[in-house]
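Chains as they are written, first to last, in UniProt numbering: chain A, 1 to 328; chain B, 1 to 328; chain C, 1 to 328.
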């Protein structure tokens, strides 16, 4: 994946100078997907990643990322979309990142999904949560600092008035997160704890913003989340993840429960995750995702995925995929 | 053209590791164009090609291509368009390619055009045919296999319901193609034979879809094509190309005849091609294209082009161009 | 900034071959901006530059540039915009450039701005002028030739009918420019003189085309400009810039005055510029920009900017920014 970077690093050693550079990585997918909501069909997709890095005279590292995504249908792929744009600077003081990056809670918590599928069945089923941001326009400033086995982060996402539906009057979303790693009798443990508080323009499932439907522009929200992961030497690993969203009176509170289990043996990874959204006094959605990956080496993974339900509509609408996930 | 690839390969030899990589190539054009349908004007254009490649542990090759096109007018060039997105894997079993690639008929047949022109006079005149696909959304899966002087391919383009005008009910377009190469008394011969059958959303000349006009959504079509090319040691070459399109009763059948002649001497290439579309019981269009190329070396070609007729309107609407075609 | 180019050059020396290549450079910005017309907010942006170059067998150099810009708000950055597309060829005869490049007047004159700011306060205040083109669709052909301390350029921007509001009937904008450099008692002097004449589709301030408002499609204009720059050994430099726009009777004539002062000491650059637009018998706008840059090395600059007025509305609407400007 980082081969041009590797190449440049080798060169830099050769030439005896350190230098700012742009490394290019890419991904591609090839296979088929189907399910209750779409015809069984071929899928091919591409991303091009630009990874920029440099170093100041005093030894501060800095860099930026920007990605072109062409990961939709054949016709959508004619209009590549910019994504994952971030700028960062790091040194003894920690690391400061600005852009389309994780808020402190999302940064601290471990998601339940493992492995990959060409149409993302492990992470797109209706009961799944990525602990994500996107309270306003996804422009997050995050400061992080690591000391020993601990890491902490502070983040802010501001209502800068640049979003289509924003007046600029919302309170900023402030986040605080912590991580801790330990080893206990051959088991690698990691814990995450995160808290975010502020206003948001969105109260959404599956990309639908329900605030529009009820004519409310902003709601305040307190988000509290915890996660724990255990990875055993024998290849088994497990993740639990719990997040509660405490809204003001306008909309129901939310809770999310997640559980992920994985097993790796040589080139094989099998994984299952289950998640559940509970909407206060109203309804709940739960579903699961299954992933099987076989690493062919050199950046190629044979990937199968199954999602039990990909829509909030009544009943279960499943989805599956099988194909190659390629990294360059 | 493949210089970063070359660079990376050299480095990889240096570092002693084989690795997945992204190579960047580019093209640019500079010159002027004019004709009956446009003012004589300057033309400049760009494409950026991302070529990804890797190898699995068992020696299968895999890769992907994606291209950004900015090859329109100055203002259009502000919105680059993604094109030529393909993913492939190959090995002893043959090669499997998915994406914006040739169907088996197009793969098998040799087009009549040779050389280049900055505004494509050799391939855009009204009587020209590229034997092209685009029956649905241009997402083609093609399997190909070569043995000795023979090559065969099988392809499918599915109606996956993702096109704007598609219900997803069309039969897939299935293609079968074969190639054969031989040398006969100092003449390199190559033959192509292709057959495709299925439904399509399009019955189009010059980018206009006549199915819309007559209120028909799908038509079935059987396409049969042959081509032959002869290239002589003295620099002369000739291509003949014939394709017949047998539609159901909704729309007239089509036939296309093409002839291309070329002569190469040192850095010089001169070329002419003629093509004719015959529309059953209705009308026909024929026209020719002329190309002169002088290879300046290093990736630069001085290119002149003339097309006798670029519109299906009555009479001949010609077009010409002169400029530099550059490859990086 | 030119690190992959450097890398490739090193490799080329290593491999002993000269070759066409695509070098990738990038820029990124990180910081905050605010002022009378916007909330104080974070700013992050990206550009990816593709620089293509090659050489013919007879030693002519050729190349092309194309840039993807994602330098707006977080949501705008999802749609990168193509910019700065140019193709060029150069040799003993001079250099010919076609595309989004400076006309001869803009090429000859030195702008008053120095240094950088993440939201461009030095160059976007209402009284500033970049001496720019954009008479039609920004597609300029420029020929330039240098001899000793002199340089001359000739340019043409044609009304090719490809702009949205163009009929193709406007006279081309023809430009002529000259530069001269000299050293006088430890002071580096440079002088520029430019003249352009033709029609234009635009009579604009701050991006608003006033021709639309008054129902006029084309106006003829004669533009005459001069600039002078003096750079002293002690780090001080000064630029004066004067351009007059003589329109036909349809719209008032314009005059622009500009003055820039700078001081560099080690890693520090401080700069101020002032500019004034005078609209004949009507009104005038003047404003200033302030820049402070500290070069952190390795491509990172700490940049502060202040613009006294960024709108033609009554009163002053100021703007400021502080952040990191990064080059890769």
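Yeah, the Cβ is synthetic: ideal placement off N, Cα and C, and Gly gets one too. Quantities reported herein were computed from a predicted structural model and do not represent experimental measurements.
Bridge-paired residues (DSSP) for residue i
i	result
residue 173 of chain A	A:157
residue 262 of chain A	A:237 and A:271
residue 30 of chain B	B:44 and B:324
residue 204 of chain B	B:209
residue 311 of chain B	The partner list for residue 311 of chain B (beta bridge, DSSP) is empty, contrary to what the question assumes.
residue 86 of chain C	C:65 and C:99
residue 277 of chain B	B:256 and B:285
residue 244 of chain C	C:224 and C:255
residue 135 of chain A	Paired residue(s): none; residue 135 of chain A is not in a bridge.
residue 24 of chain B	B:50
residue 293 of chain B	B:269 and B:303
residue 197 of chain A	A:174 and A:222
Of the residues the options, the one placed nearest residue i, counting alpha carbons only
i	options	result
residue 29 of chain C	A:104, A:223 and A:86	A:86
residue 203 of chain A	A:191, A:88, A:217 and A:193	A:217
residue 138 of chain A	C:76, C:327 and C:304	C:76
residue 208 of chain A	A:19, A:305, A:71 and A:126	A:126
residue 277 of chain A	A:54, A:141, A:288 and A:267	A:288
residue 104 of chain C	C:188, C:261 and C:192	C:192
residue 210 of chain B	B:178, B:195, B:173 and B:250	B:250
residue 321 of chain B	B:71, B:66 and B:120	B:120
residue 78 of chain B	C:244, C:163, C:326 and C:155	C:163
residue 263 of chain B	B:165, B:257 and B:273	B:273
residue 236 of chain C	C:219, C:46, C:284 and C:271	C:271
residue 72 of chain A	A:47, A:60 and A:61	A:47
residue 21 of chain C	B:26, B:31 and B:64	B:26
residue 313 of chain C	C:197, C:45 and C:285	C:285
residue 311 of chain A	A:265, A:110, A:297 and A:36	A:36
Nearest-angstrom beta carbon gap, residue j and residue i [assumed within contact, 8 Å]
i	j	result
residue 136 of chain C	residue 158 of chain C	7 Å
residue 230 of chain B	residue 189 of chain B	5 Å
residue 101 of chain C	residue 113 of chain C	Their Cβ separation, rounded to whole angstroms, is 19 Å, which puts residue 101 of chain C and residue 113 of chain C out of contact at 8 Å.
residue 49 of chain B	residue 89 of chain B	In fact, because the Cβ distance is near 20 Å, the residues do not count as touching under 8 Å.
residue 332 of chain C	residue 115 of chain C	The first residue shown for chain C is 1 and the last is 328, placing residue 332 of chain C beyond what the model contains.
residue 152 of chain C	residue 185 of chain C	Going by Cβ atoms, the distance from residue 152 of chain C to residue 185 of chain C rounds to 26 Å, so no, they are not a contact pair.
residue 141 of chain A	residue 98 of chain A	5 Å
residue 259 of chain B	residue 240 of chain B	6 Å
residue 195 of chain B	residue 223 of chain B	7 Å
residue 117 of chain C	residue 303 of chain C	5 Å
residue 295 of chain C	residue 301 of chain C	5 Å
Cβ of residue i within 8 Å of any chain A Cβ
i	result
residue 172 of chain C	no
residue 134 of chain B	no
residue 294 of chain C	no
residue 30 of chain C	yes
residue 318 of chain C	no
residue 25 of chain B	no
residue 327 of chain C	yes
Within-8 Å CB hit, residue i to chain B
i	result
residue 90 of chain C	no
residue 80 of chain A	yes
residue 204 of chain C	no
residue 84 of chain C	no
residue 35 of chain A	no
residue 234 of chain A	no
residue 41 of chain A	yes
residue 48 of chain A	yes
residue 20 of chain A	no
Any chain C beta carbon closer than 8 Å to residue i
i	result
residue 139 of chain A	yes
residue 75 of chain A	no
residue 297 of chain B	yes
residue 163 of chain A	yes
residue 70 of chain B	yes
residue 300 of chain B	yes
Exercise. Any contact of the region 82 to 97 of chain A with the region 91 to 103 of chain C, i.e. 3+ C-beta pairs under 8 Å?
Worked result: no
Exercise. Three or more C-beta pairs closer than 8 Å, one from the region 52 to 59 of chain B and one from the region 32 to 43 of chain B: is that the case here?
Worked result: no
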